[in-house]
Structures are given as C-alpha cells and as structure tokens.
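In my numbering, the protein residues as written are 428 to 531.
Just so you know, even glycine gets a beta-carbon here, dropped at the ideal spot from N, CA and C.
Okay, so here's the structure we're looking at.
In structure tokens, the structure reads:
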C-alpha cells in the first residue's frame, strides 16, 4: 500500500530537510511528480506508477523505486522462500499497489 515518505520528498531536487508530506500539501498539483510520488496519503492520490509519473506535465522528478510507492512488494517477491514466482513486468510488480477507493 502506498504511504507517505518524508525522506523521499526531502531527497528530491529542490526540496530539503525542512519539508514534510503533511506540511507540503499545497504543492500536490504543481509539484505532483514529487508530491504524489512521495506523499500519496497526504495528497490523497494513492499509487503512482513510474509511467504515470512521467506523463505528468508538472514540476518534479520521477525517481523509482522509492519507499512511498510499494517498494516492499518488489523485495518480498524476490525472496527465495516466496511460493509464487517473481514479477516479470511493472504491472505485476505493482499488483499490491491499488488505487484509493475514490480513484476507481
């Protein structure tokens, strides 16, 4: 499940250690590549794939993978003890990332 990651935001170009997801919601649209990628809870946007991020015509960067966008799902799939096969493409890798109910 996508979640806010202040460090993701703070390490993005043009941001800094004083910025938090909760305190930066005024930039959810104009800096959507960073805010919606790093702060899906605060922005109310849910999962944002790299392809979706790159298609946004706003400020910010699309750095993937990151901890805000379901990185745990891709690492869990590569663990040898996992009974199911590892994902073979991006849509499978993000299968655990589902949009928020109001995004459907």
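Taking residue i as the reference, give the member of the options with the closest Cα.
i	options	result
residue 485	479, 458, 442	458
residue 460	428, 492, 487, 491	487
Looking at residue i: is its Cβ nearer than 8 Å to the Cβ of residue j?
i	j	result
residue 474	residue 430	no
residue 489	residue 465	no
residue 448	residue 433	yes
residue 446	residue 438	no
residue 462	residue 451	yes
If you count every other CB in all the chains shown that lies within 10 Å of the CB of residue i, and 16 or more means buried, which is it?
i	result
residue 471	exposed
residue 493	buried
residue 469	buried
residue 467	buried
Entirely enclosed alpha helix (DSSP H) segments - the stretch 445-507, minimum 4 residues: 459-465, 467-470, 477-482, 498-504
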